[in-house]
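In the numbering used here, the protein residues as written are 77 to 266. The C-beta atom is built at its ideal place from N, Cα and C for all residues, glycine as well. From a predicted model like this one, the values you see are computed outputs, not experimental measurements.
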């Protein structure tokens with residue numbers, strides 16, 4: 077069995093602690109947890125890591141295309157290792173969810189997220205799993221500025237715990253069906 081985890085974000089030091097990069101943060105923590113390191117793979121336009129764990133080959137991909145072209149790297153990597161959308165789980169920020177909340181879905185629309193729009197365009201389907209990480213947004217100021225701002229000091233205090241919770245969800249997805257994992261993840265109070 078294969079599982080491809082794709083963390084969405086923007087490359088570069090400037091974006092490291094921005095809300096939009098929570099997908100990268102989760103994948104970096106998962107790689108650390110699994111004892112693997114990312115290597116840049118220019119032909120797929122991303123940083124990749126790969127390991128075997130619990131009889132599953134785990135692929136990690138962080139696109140270097142910038143958020144709005146993430147689908148290009150996802151498509152290239154899936155073609156390169158011959159994976160299908162059923163193998164895919166995308167970790168993505170979600171402004172509609174409160175900070176600290178997660179939602180796991182087996183399919184769905186982009187919800188205005190340009191990274192997801194790009195993936196849908198390159199894969200030709202909305203049928204792939206996504207772990208939506210709530211970053212909250214209260215409608216004050218520009219949405220673009222909000223997602224590209226760093227987490228506040230208050231948010232940063234709980235960020236390691238939040239990221240670890242997401243890593244635990246991804247590790248569950250290695251052994252369990254997405255629908256089973258959804259039962260626990262999606263129970264969180266709103």
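Item	Value
Identity of the residues DSSP links to residue 250 by a beta bridge	Residue 250 is not bridged to any residue.
Contact check, residue 194 vs residue 163, beta carbons under 7 Å	no
Cβ contact check for the segment 77 to 87 and the segment 100 to 109: 3 or more pairs under 8 Å	yes
At least three beta-carbon pairs within less than 8 Å, the segment 131 to 141 to the segment 175 to 185	no
contact_flag[the segment 196 to 215, the segment 168 to 179] where n(CB pairs < 8 Å) is 3 or more	yes
Span of the alpha helix (DSSP H) around residue 170	Premise fails: residue 170 lies in the beta strand (DSSP E), 164 to 170, not in any alpha helix (DSSP H).
Element boundaries [alpha helix (DSSP H), containing residue 102]	98 to 110
Contact check, residue 149 vs residue 122, beta carbons under 7 Å	yes
DSSP state of residue 150 mapped onto helix, strand, coil	helix
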